[in-house]
Amino acid sequence: MPELPEVETVRRTLNQLITGKTISRVSVNLPRILQKPDDPPLFAAMLEGRTFRSVERRGKFLRLVLDELVLVSHLRMEGRYGLYNEDDPTEIHTHVIFHFTDGTELRYKDVRQFGTMHLFFPGEELQAPPLNKLGLEPLEEGFTLETFRRALGKRPTKIKPLLLNQEVIVGLGNIYVDEALHTAGIHPETPANELKPKEQELLHSAIVETLSAAVEAGGSSIKSYVNGQGEMGLFQHSLKAYGRTGEPCLNCATLIEKSVVGGRGTHICPKCQRLPRSRRSAQGSTTVKQNRNAVKRRLDGSSD
Ligand SMILES: [Zn+2]
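All residue numbers for the sequence shown refer to this note's numbering, where the first residue is 1117 and numbers rise by one.
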């Protein structure tokens, strides 16, 4: 699933590719991608004659800004955009095509068909689902240590599921949460309200550093992620915890362990990321067993 850095890479690429292009016609081959309006002829009619002015982002959603309209697009698992010439053969799983007046086309492909598109009048998109409940934007100036502390609040929730909650902070998925917690040296099951001020500070900067580095590298390509110009991301080469079960921690050489936290496969260095002393009693043998199982699963070729 693309995470914030991947979506940011798509945003930057699309912004270069389609800004200034005017839509002559829209073809919809799979109506279920359209959420608002969900009527393909109406969706097409609203867009025809409009020009893309910029491509922006809110969390993992793309905001494609046109004259007096905003198209909110979520790629979900496998959604891809690509710019083609109108006579290029149309590949399978191409569900929506924006035909431009200059003979090029923006095509939306989605093997899994989970992606969504919503059309709004400018400003309305932030007041309505799916964007209205989104939390802090970690790569914007407003993401200060203070706003982060306020978002963590007094919640007793384990820190990992809290960071995955898009209503608290947007754009962090399983990969970058594991990476940020490893960088900050925080155990994913630490209750958020038990983080010390210093740990909050380390986590805040780890989130910004991890995401910024991934954006610089063009996003990660754990599965089959490709950006808008067909380039594979490079960030998977610098992952420190995620997907490294059984490999040595880059800080201390202890083997990275895999367990399950909040239902998600979780990768930690048991030495760099210790649970607070008060929480440790229930741990122990199960972690070793889980890790052994994780190593076995890895040898079997399955993954999270
Ligand atoms: Zn370590």
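Built from N, CA and C at the ideal position, the CB exists for glycine as well. Quick caveat: nothing in here was measured; it's all calculated off a predicted structure.
Same chain, Cβ closer than 7 Å to residue i, neighbours up to 5 away in sequence not counted
| i | result |
| --- | --- |
| Asn1131 | Ser1170, Val1171 |
| Glu1124 | Arg1173, Val1331 |
| His1209 | Lys1225, Asp1226, Val1227 |
| Thr1402 | Low confidence applies here, because Thr1402 scores a pLDDT of 47, under 50, leaving its location unreliable; read the following figure in that light. Once the five neighbours on either side are set aside, Thr1402 has no close Cβ partner at all. |
| Lys1152 | His1234, Leu1235 |
| Asp1294 | Ala1357, Tyr1358, Thr1382, His1383 |
| Arg1360 | Ile1372, His1383 |
| Lys1339 | Below a pLDDT of 50, predicted positions are generally treated as unreliable, and Lys1339, at 39, falls in that range; the measurement from the model is reported next regardless. Cβ neighbours of Lys1339 beyond the five flanking positions: none. |
Residue range of the unbroken alpha helix (DSSP H) whose run includes residue i
| i | result |
| --- | --- |
| Ser1328 | 1313 to 1332 |
| Ile1134 | 1120 to 1134 |
| Arg1265 | 1261 to 1268 |
C-alpha distance - residue i paired with residue j, whole-angstrom precision
| i | j | result |
| --- | --- | --- |
| Leu1182 | Arg1166 | 6 Å |
| Cys1368 | Pro1246 | 42 Å |
| Gly1219 | Leu1180 | 20 Å |
| Leu1146 | Arg1393 | 53 Å |
| Thr1370 | Ala1160 | 56 Å |
| Leu1279 | Leu1366 | 23 Å |
| Phe1236 | Glu1202 | 27 Å |
| Ser1140 | Ala1333 | 35 Å |
| Ile1384 | Glu1241 | 38 Å |
| Cys1388 | Thr1299 | 9 Å |
| Arg1396 | His1211 | 50 Å |
| Val1376 | Pro1364 | 19 Å |
Spatial neighbours of residue i in its chain, beta-carbon cut-off 6 Å, leaving aside the 5 residues before and after
| i | result |
| --- | --- |
| Gly1198 | Arg1223 |
| Gly1136 | none |
| Phe1259 | Leu1252 |
| Pro1156 | Val1144, Pro1147 |
Cβ pair residue i, residue j closer than 7 Å
| i | j | result |
| --- | --- | --- |
| Ala1296 | Ala1322 | yes |
| Pro1121 | Leu1318 | no |
| Phe1177 | Val1188 | yes |
| Glu1194 | Arg1148 | no |
| Lys1270 | Asn1309 | yes |
| Gly1239 | Val1286 | no |
| Leu1163 | Val1144 | no |
| Pro1277 | Pro1307 | no |
| Glu1305 | Leu1391 | yes |
| Arg1192 | Phe1230 | yes |
| Arg1380 | Asn1281 | no |
| Lys1249 | Glu1207 | no |
Unbroken beta strand (DSSP E) run spanning residue i, endpoints
| i | result |
| --- | --- |
| Met1233 | 1232 to 1236 |
| His1303 | Taken as a continuous stretch (DSSP letters only), His1303 belongs to no beta strand (DSSP E), as it is neither H nor E. |
| Thr1382 | 1380 to 1384 |
| Leu1158 | Careful: Leu1158 lies outside any beta strand (DSSP E), inside the alpha helix (DSSP H) at 1156 to 1163. |
| Leu1150 | 1150 to 1152 |
| Asn1201 | 1196 to 1201 |
Per DSSP, the bridge partner or partners of residue i
| i | result |
| --- | --- |
| Leu1279 | DSSP lists no partner for Leu1279. |
| Ile1213 | Ser1143, Arg1223 |
| Pro1364 | Leu1371 |
| Phe1168 | Leu1182 |
| Val1293 | DSSP, once it has assigned bridges, lists no residue as partnering Val1293. |
Contacting residues, own chain, Cβ-Cβ under 8 Å from residue i (five flanking each side not counted)
| i | result |
| --- | --- |
| Leu1261 | Gln1316, Glu1317, His1320 |
| Pro1254 | Leu1120, Ile1285, Val1286, Gly1287, Leu1288, Ile1323, Val1324, Leu1327 |
| Leu1311 | Leu1268, Ile1275, Ile1302, Leu1319 |
| His1215 | Ile1139, Ser1140, Arg1141, Val1142, Ser1143, Glu1202, Glu1221 |
heavy atom of ligand 3 below 6 Å from residue i C-beta
| i | result |
| --- | --- |
| Lys1387 | Ligand 3 is absent from the structure shown, which contains only ligand 1. |
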